[in-house]
Amino acid sequence: MEAVENNRVVLCASSKYEEKYYLNPEFDGLPQSIKDELQAMCVLFVEDIGGILTLEYDEDANLKFVTMSDKGDLLYDEIGSVLKIKQLQQVKQELLESLELYYRVFFLGEAIEE
């Protein structure tokens, strides 16, 4: 699987510095509307906050927001990033939970409990 680092799998990333968006090719099977929503969410985040945003699955298949910035980047809003992530986790809760379920079923092979 591509984009694996320290037992984390990167779903997508966006960089204000390079003005680029990346979706891990392993997730091409996601519906286009979900891919579009992820792209919009990530790109708008770095436009507002700056730096780099990645959405990563940890070893427990939880989807995490990870932000970073270049040293000396005075435009990066560290406090704003924490607030924006909390806002996105609330507003996009259903999307994020669905992405975690998708990962558990299609990548980890877990059975769906009803």
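Residue numbers for the sequence shown follow this note's numbering, so the first one is 716 and each next one is one higher. Where is the CB? At the ideal position from N, CA and C, for every residue including glycine.
Rounded to the nearest angstrom, how far is the Cβ of methionine 756 from that of leucine 803, given a contact under 8 Å?
What you label residue 756 is simply residue 41 of the sequence shown in a count that begins at 1. What you label residue 803 is simply residue 88 of the sequence shown in a count that begins at 1. That pair is a contact at about 7 Å.
CB of valine 797 to nearest heavy atom of the ligand HEM: below 7 Å?
No copy of the ligand HEM appears in this structure; indeed no ligand is present at all.
In whole angstroms, what separates the C-alpha of asparagine 777 from that of glutamate 815?
Position 62 of the sequence shown holds residue 777. Position 100 of the sequence shown holds residue 815. Answer to the nearest angstrom: the Cα atoms are 6 Å apart.
Kindly list the residues whose CB is nearer than 6 Å to the CB of glutamate 771, restricted to its own chain and excluding five residues on each side of it in sequence; keep chain order.
Position 56 of the sequence shown, counted from the first residue, corresponds to residue 771. Around glutamate 771: Arg723, Val725, Lys779, Val781.
Within the same chain, show all residues whose beta-carbon is closer than 7 Å to that of tyrosine 818, passing over the 5 residues directly before and after it, in chain order.
Position 103 of the sequence shown, counted from the first residue, corresponds to residue 818. Here the set comprises Tyr772, Ala776.
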